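What follows is a short report on a single structure.
Residue numbers (the numbering used here): 5 to 252.
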């Protein structure tokens, strides 16, 4: 095999718990329901790359079969060419190039998607990270025959994700999140789902530091969610949710 020499980078993990509350759209009934989301997420750096996953637990006040104590998760392990070679990859604003292998899974809908692709990591003032990911969007779902959502053909996904830090006086803030576009697909019954945009930026204030605690531990803020053609429908969602985040 070719010699891959990685710099000695110790493993490091950052774990967060989130609570979100707001009115979210059921795109199948076109009704909004008060909903809460509990999230466990972790970002990890290791010798050859990094990894990010989250698991959501969702429930709402409606009893309509949507977001009924449901689970949803995503995982994105990435291999860094820079870390594997021990050399600088890129130049100018390009900080690194990596290979990404995503997995998306939904509980009640029995949906599974595989997302292999390419990551470009960028240098930008104030950003802890700024990535652009171009991935295939490959369906591995069980389909209607297994009691799930309809299977679809394959597509592609383009995602931008970031973490930006800034301060105003003694107060510290973060703007973090992602925005993605997924191309149109056709389901197992021949019905076409239009391309969809999902954007979930978070504005977070370091409340723990402001009230005399440790910095970077307890955050309060909002998450804005824009979702066009939500879940294969023609319904668009625009929702603001209360956000509380605890970082271990």
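All C-beta atoms in this analysis are idealised placements derived from N, C-alpha and C, irrespective of residue type, glycine included.
From a predicted model like this one, the values you see are computed outputs, not experimental measurements.
According to DSSP, is residue i helix, strand or coil?
i	result
residue 93	coil
residue 195	coil
residue 87	helix
residue 202	strand
residue 173	coil
residue 2	It is not possible to answer for residue 2, since the shown part of the chain is limited to 5 through 252.
residue 214	helix
residue 53	strand
residue 8	Only weak support is given to the placement of residue 8: the predicted model assigns it a pLDDT of 31, under 50, and the value that follows is read from those uncertain coordinates. Reduced to three states, the DSSP call for residue 8 is coil.
residue 151	coil
residue 140	strand
residue 221	coil
Which word fits residue i, buried or exposed, when buried means at least 16 other C-beta atoms lie within 10 angstroms of its C-beta?
i	result
residue 153	buried
residue 28	buried
residue 163	buried
residue 41	buried
residue 155	buried
residue 241	buried
residue 62	buried
residue 252	exposed
residue 218	exposed
residue 70	buried
residue 208	buried
residue 249	buried
What separation, rounded to the nearest whole angstrom, lies between the Cα atoms of residue i and residue j?
i	j	result
residue 99	residue 91	11 Å
residue 110	residue 30	16 Å
residue 72	residue 35	15 Å
residue 190	residue 198	9 Å
residue 215	residue 223	11 Å
residue 16	residue 50	7 Å
residue 196	residue 188	7 Å
residue 5	residue 76	Annotation note: pLDDT 39 at residue 5 (below 50); position unreliable, coordinate value reported separately. If I take the Cα positions, the gap works out to 38 Å.
residue 237	residue 65	22 Å
residue 181	residue 151	32 Å
Just confirm the distance between the C-beta atoms of residue i and residue j, as a whole number of angstroms; I'd bet it's less than 8 Å.
i	j	result
residue 117	residue 141	6 Å
residue 134	residue 166	5 Å
residue 206	residue 227	5 Å
Comparing C-alpha positions only, which one of the options sits nearest to residue i?
i	options	result
residue 232	202, 182 and 119	202
residue 127	241, 96, 119 and 175	96
residue 192	58, 26, 249 and 146	146
residue 83	60, 121, 66 and 61	121
residue 174	213, 23, 240 and 52	213
residue 178	55, 103, 104 and 247	247
residue 20	33, 43 and 37	43
residue 139	169, 103 and 168	103
residue 55	78, 68 and 74	78
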